[in-house]
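Colleague:
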Amino acid sequence: MKEIITTDALLDAQQLGDFVRHAGEIEHPRELIVDVLRAIQTRYGWVPDEGVELTASILGLTAIEVEEIATFYDKIFRRPVGRVTMHLCDSICCWSRGGEEIAAHLKKILGIEFGQTTDDGLFTLLPSCCLGCCGIAPALMIDQQFYGPLTVEMVDELIATLRRERSV
Amino acid sequence: MSQTPQLLFKNRKAGETVFMPEYRASGGYQGLEKALRTMTPQDIRELVKAAGLRGRGGAGFPTGVKWGFFPADAPGVKYLVCNCDEMEPGTYKDGVLLQADPHQLVEGMILSAFALQTQVGYIFIRYAYERQASNLRKAISEATAAGYLGKNILGSGFDFELHVHGSAGRYILGEETALLNGLEGIRPNPRLKPPFPATRGLFGRPTTVNNVETLANIPHIVMGGAQWFKDLAMTTDGSGTKLFGLSGHLNCTECFELPVGIPLREVIETYGQGMWRNKQFKACLPGGASTPYLTGEHLDVPLDFGTLEKVGSRFGTAGVTAFDEDTCMVAATLNLIRFFARESCGWCTPCRDGLNLVKWLLEQFESGTGTSDHLLMLKEQLRNISGNSFCALAEGAMGPVAGLLAHFEQEIVDHIDQGRCPFHR
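Line by line, the protein sequences give chains H and D.
Heads up: the first sequence begins at 1 in the working numbering, then just goes up one per residue.
Heads up: the second sequence begins at 1 in the working numbering, then just goes up one per residue.
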């Protein structure tokens, strides 16, 4: 049976009220789509169908108008991800400083490929375009925080810390 | 270390962000006060044109000329949009600038809004720059409290409100019309031009889109004047300073404010502190992932728009990514093309299908299964894609391919002849 996702699981009452009020005040409520989707994702972890529908109803749009935005951006997740989503840069500067070795090591110790989530639901590993960390390459991003220049030892330490702090 | 006058990085201190008190103490908002009290919007537009400022977001279009197309005197709502969707691999200067001194952009935008007579501004900022977005929100609220933003700014009768719009990934949003769609909440494929944004931009209204560094230069030009700004450059037809983000195989991979026209050798040797692990310099991307390679023969070329065009490359964003002698240029180009192919929005065939074909061809060479027919196909694709795509993404993507063919065709031939990558072990 499909889990029922309540509005409160997606946005708290304060956020919902703020978005509804803000949408009513501005001429083009549609400009808030990404803001609402990001807020839902921050609270719920990803954007389920109910999140798309909620966004549409707040902004006076159809679900498909929201969906075509939600599916365009790579930082909006329309499928479940782990509690820790790792965006590993695979662009040229990180590549030139050993990014491929870091990617191979992460895949090995987590036992997953890019785009997959560990069985315990803790880690999702995603390739990312340039993070603007070219000066500290190779680098990765977790929760909009940056780690670099990465070495295999640093990666081991980071994963151990995250396992300790973010396991349920 | 740097002898260059520091304008944009004047207040930069490692790990710190400067806000209103320090910004004002360093001369901040004097440009705005001066302009609102003593200059007309047209004065500022002419000053920026005379200063020769060229867009710092990659394309290098003269800012004053772009502003000249803008219907500043037309009635109704008009928009000023700052492009901070900095996602070109090798480019991180706007991120560094906004971590150091966000008020420069805010003051630059108010001045530019006054020059263009726009009432509403947006800063479109990439997902990864949340710290910078939060710096900007704080700077905007400080500037509002100080009377620099809002209604009747400094008693001039000029109104301007400024918003920060956070994005959610995808390189294509840096293309200005895709960015406008993104801001509106429409699927962000690029728009057909014309009409250009100056005529029909955000929400169908006249809009100018400028890069962070471009806008941050405006207060300095207003304070220092056009001739002073031009004299900052080392080339006669260049102007200003430029933020150079160094990366790749250099000992020092930091961001520096250096004069426009500085020779490549000085950037590599003095600021990059030479090649990493004592290797030899082989090539570099002079201005981000979409600029054709420079090689050892270009070390004395001044880094400026005109001088780099003359040698078949582009100044781009001045994100300099250096490669050492052990780098396989086929593999480097394959990495770049994989990025562009993945980031293509899929709207037009040359980009969606063409870049994937180029990627496949480079994969054949790199894996040792490439043939001379593949090389011919690669050359054909350079002709087929460049100039034929809907927006500049595919055009830029083919920059490194053009550089590969111009300077390193022999490396492709070696891959074909040896049936393997000659650089592997």
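The beta carbon of each residue, even a glycine, is placed where N, CA and C say it ideally should be.
1. So is Lys-359(D) buried or exposed if we call it buried at 16+ other beta carbons inside 10 Å?
2. Between the beta-carbon of Leu-336(D) and the beta-carbon of Leu-294(D), is there less than 8 Å?
3. Excluding five sequence neighbours on each side, which residues of the same chain lie with their C-beta closer than 6 Å to the C-beta of Met-223(D)?
4. Against chain D, does Trp-46(H) count as a neighbour if the rule is that its beta carbon must be under 8 Å from one of theirs?
5. I want to verify the contact list: residues of chain D whose CB lies under 9 Å from the CB of Ala-137(H), in sequence order.
6. So, does the stretch 193-206 of chain D touch the stretch 9-18 of chain D, judging by three or more C-beta pairs under 8 Å?
7. Just to check my reading of the structure: Tyr-44(H) and Gly-169(D) have Cβ atoms closer than 8 Å, yes? What is that Cβ distance to the nearest angstrom?
8. Which of the three DSSP states is assigned to Leu-125(H) in this structure?
9. Where does Gln-117(D) fall in DSSP's three states?
10. So the alpha helix (DSSP H) Asp-18(H) belongs to, where does it begin and stop?
11. Mind the definition here: the stretch 132-141 of chain D touches the stretch 103-122 of chain D only if three or more C-beta pairs lie below 8 Å; say whether that holds.
12. Indicate whether at least one CB of chain H lies closer than 8 Å to the CB of Arg-187(D).
13. Output, in chain order, the set of chain H residues within a Cβ distance shorter than 7 Å of Phe-203(D).
14. Check Ile-125(D) in the structure and name its three-state DSSP category.
15. Kindly identify the DSSP beta-bridge partner or partners of Ala-322(D).
16. Tell me the DSSP secondary structure of Thr-270(D) in three-state form.
17. Go through its chain and collect everything with a Cβ distance to Met-1(D)'s Cβ below 7 Å, but skip five positions before and after it.
18. Around the Cβ of Gln-14(H), are there at least 16 other Cβ atoms within 10 angstroms (buried) or fewer (exposed)?
19. Pick out the complete beta strand (DSSP E) segments inside the stretch 299-345 of chain D, 3 residues or longer, and give them in chain order.
20. Is Arg-38(H) close to chain D, meaning its C-beta is less than 8 Å from at least one C-beta of that chain?
21. With 8 Å set as the bound, which would you pick, yes or no: does the beta-carbon of Thr-118(D) sit closer than that to a beta-carbon of chain H?
22. To the nearest angstrom, report how far apart Glu-175(D) and Phe-229(D) are at their CA atoms.
23. Please name the residues in the stretch 137-157 of chain H whose beta-carbon is closer than 7 Å to at least one beta-carbon of chain D, in chain order.
Modeller: Once the coordinates are examined:
1. Buried: at least 16 other Cβ atoms inside 10 Å.
2. no
3. Its chain contains Gly-31 as the residues whose beta carbon lies nearer than 6 Å to that of Met-223(D), once the 5 sequence neighbours on both sides are disregarded; these appear in chain order.
4. no
5. Correct list: Ser-247, Gly-248 and Thr-253.
6. Because the criterion of three Cβ pairs below 8 Å is not met, the stretch 193-206 of chain D and the stretch 9-18 of chain D do not touch.
7. That pair is no contact at about 18 Å.
8. strand
9. coil
10. 13-25
11. yes
12. Interface criterion met: the Cβ of Arg-187(D) is under 8 Å from a Cβ in chain H.
13. The contacting residues are His-28.
14. strand
15. Beta-bridge pairing links Ala-322(D) to Gly-248(D) and Cys-284(D).
16. In the structure shown, the three-state DSSP call for Thr-270(D) is helix.
17. Bear in mind that the predicted position of Met-1(D) carries a pLDDT of just 45, short of 50, making it too unreliable to give a figure here.
18. By the Cβ neighbour-count rule, Gln-14(H) is exposed, with fewer than 16 other Cβ atoms within 10 Å of its own.
19. 319-324
20. yes
21. no
22. 28 Å
23. Going along the stretch 137-157 of chain H in chain order, one finds Ala-137, Met-141 and Gln-144 with a Cβ nearer than 7 Å to chain D.
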